[in-house]
Amino acid sequence: MHESQTAEALRMLDVFASVGTRHFDIEHIDIDQQHRGFRRAQTLEQARESIPFLVESAAHRHNNLIVRPHSDGATLIQLDDLPAATLERVRPVAFLILNTSPGNFQAWLAVSSVGDDTDLRRRVKKATNADQSASGATRVAGTANFKRKYEPNFPTVAIQEAQPGKTVTPADLEALGLIAPPDPPRQAPVFRNSKGDKWPSYQQCLDAAPLNHGGDAPDVSRADFTFALIASDWGHPAEQVAARLMEYSTKARENGQRYADLTARKAAAIVAARTRRLGVAP
């Protein structure tokens with residue numbers, strides 16, 4: 036059994052490698068979605084060598100085996116929780132389609148270098164009605180999707196379709212209507228508290244956030260990023276921003292310090308890039 040699971044996992048790694056992926060972050064998350072282990076920037080060779088052991092260990096411990104691919108040759112876009120109709124639209128341009136649970140599909144696109152890809156990712160997700168909060172990490176094909184709601188019959192993540200080496204351009208996506216129009220420019224809201232220390236109001240960021248993918252609550256990821264972006268723009272260092280996120284954000288507390296650090300650093304990088312572009316002092 037483990038041999039077929041390992042073969043499927045290795046096939047997935049090779050498909051990612053075909054579009055320029057040379058490193059993978061490898062993570063273990065238990066059935067209650069708690070982090071149980073992390074290996075950063077494993078080369079393709081290291082990942083392939085360890086996969087047989089990791090697959091067997093994940094099954095034994097009921098851990099989800101998750102990888103985050105990093106491509107040197109293309110921008111990777113993860114489209115998660117795709118409706119069936121949208122899946123058919125993206126099928127021609129996807130290099131990998133995964134069936135992650137009954138009726139749930141995830142497609143991966145490799146887009147030729149586009150510079151700052153944050154906006155492109157967001158607009159493609161918006162056009163396809165994909166989960167905006169998808170982080171770029173995915174469960175490994177051939178392994179079980181361990182969640183309490185599925186027990187005792189845990190579904191196995193499977194490769195539904197693969198087109199190794201399939202890379203597209205933004206123009207290809209535009210032609211298929213897979214890039215949403217840019218948002219109209221708007222000025223970030225300014226929130227000041229009574230103490231005068233000029234931290235944004237997290238609650239107002241949460242209140243202003245769009246609904247999540249399920250449409251039943253604010254998108255906490257968007258609120259977190261808005262808070263981090265405003266705080267960075269006001270001159271707060273990423274370390275302090277991350278600390279505030281751990282204090283205020285339920286998602287930061289659930290996902291841990293690494294999530295808060297990543298959100299804060301990403302916001303700080305955008306503010307720094309804008310400052311350089313405008314040629315003004317931070």
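Start counting the sequence shown at 36; every next residue gets the next number (the numbering used here). All C-beta atoms in this analysis are idealised placements derived from N, C-alpha and C, irrespective of residue type, glycine included.
Residue from the options whose Cα sits closest to the Cα of residue i
{"i": "E196", "options": "L131, P205, V125 and A169", "result": "L131"}
{"i": "A44", "options": "L297, H95, H97 and I101", "result": "I101"}
{"i": "G173", "options": "D67, F59 and T110", "result": "Checking the sequence shown, residue 173 turns out to be Thr, not Gly. Closest by alpha carbon: F59."}
{"i": "A308", "options": "A252, T153 and D254", "result": "T153"}
{"i": "N98", "options": "A179, A304, V128 and R46", "result": "A179"}
{"i": "A29", "options": "V125, L133 and R158", "result": "The first residue shown for the chain is 36 and the last is 317, placing residue 29 beyond what the model contains."}
{"i": "E289", "options": "T56, H37, I61 and H70", "result": "H70"}
{"i": "W143", "options": "E209, G72, M47 and P187", "result": "M47"}
{"i": "K161", "options": "P190, P217 and A252", "result": "P217"}
{"i": "A120", "options": "S136, H105 and Q141", "result": "Q141"}
Helix, strand or coil at residue i according to DSSP, with G and I counted as helix
{"i": "H37", "result": "helix"}
{"i": "N290", "result": "helix"}
{"i": "Q239", "result": "helix"}
{"i": "T78", "result": "strand"}
{"i": "A44", "result": "helix"}
{"i": "V203", "result": "strand"}
{"i": "Q275", "result": "helix"}
{"i": "A162", "result": "helix"}
{"i": "A244", "result": "coil"}
{"i": "V146", "result": "strand"}
{"i": "T153", "result": "helix"}
{"i": "A52", "result": "helix"}
{"i": "T178", "result": "coil"}
{"i": "V225", "result": "Note that V225 has pLDDT 48, beneath the 50 cutoff, so the model's placement of it is unreliable and no number is given."}
Where the beta strand (DSSP E) through residue i begins and ends
{"i": "T56", "result": "T56 to D65"}
{"i": "A319", "result": "Beyond the ends of the chain as shown, which are 36 and 317, falls residue 319; an answer cannot be given."}
Residue range of the alpha helix (DSSP H) that includes residue i
{"i": "A263", "result": "V255 to D268"}
Please give me, in chain order, every unbroken run of the beta strand (DSSP E) with length at least 3 that falls completely inside the segment 71–142.
98–106, 109–117 and 131–136
Looking at C-beta atoms only, is the number of pairs between the segment 81–89 and the segment 103–121 that lie closer than 8 Å three or more?
no
Tell me whether the segment 238–246 and the segment 85–92 touch, counting them as touching only if at least three CB pairs, one residue from each stretch, are closer than 8 Å.
no
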